[in-house]
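> One structure, as structure tokens, below. Some questions next.
Numbering (this note's numbering), first residue to last: 172 to 357.
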């Protein structure tokens, strides 16, 4: 049943009443002075729809809100505290490919983990599953996969100085211009 608002002219008051739509147009007694009160248009109106189990204001554009900013999807992946994945990418830029040091560190962690598991199995003990370490390793692998194209583009973009030998002056030799004489017309 909906809630309707009524205005009492005797005590100049507005009150709400829950009743069926069939009886809503009838005058209702004021709770203060018991005088007949007429129905008025609502002073506060909030229309909403329900999407994904939560009430949404109308018009519902199908977007979500994250700290007063409109975003296209809810938070469904891990990011820093109070950040949204879409806004995080805009704020800090795209993910960077892992550096050589990070790759070496990852390989070292992986080898130590494999050594630990091998030693535990040889000792007849079930190795413990470090979920935090596994999650960090999975995030690194995912980051490597996501940024593989960017890493390849960066590798190709690097200047030729690393592979081209330099002269004594430290500068690359510029190709000499050839001067050809024009054939004389006879």
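We put the beta carbon where it would ideally sit given N, CA and C, even for glycine.
In this text the structure is predicted, and so the values were computed from the model without any measurement.
What are the start and end residues of the beta strand (DSSP E) that includes residue 208?
207-211
> Thinking C-beta only, is residue 259 closer than 9 Å to residue 251?
yes
> What does the Cβ neighbour count give for residue 265, buried or exposed, with the cut at 16 atoms within 10 Å?
exposed
> May I ask you to verify whether the stretch 190-210 touches the stretch 218-234, counting CB pairs closer than 8 Å and requiring at least 3?
Counting Cβ pairs under 8 Å, fewer than three are found: no touch.
> Quick one: complete alpha helix (DSSP H) runs, 4+ long, within the stretch 252-335?
Segments of the alpha helix (DSSP H) lying fully in the stretch 252-335: 256-263, 271-293, 302-317, 319-328.
> If distances are taken between C-alpha atoms only, which option among 324, 183, 189, 226 comes closest to residue 208?
183
> Rank 189, 178, 202 by C-alpha distance to the C-alpha of residue 172 and give the top, closest one.
Out of 189, 178, 202, 189 has the C-alpha closest to the C-alpha of residue 172.
> Between residue 178 and residue 256, what straight-line distance do the alpha-carbon atoms span, to the nearest angstrom?
49 Å
> Return helix, strand or coil for residue 180, following the three-state DSSP convention.
Three-state result, residue 180: coil.
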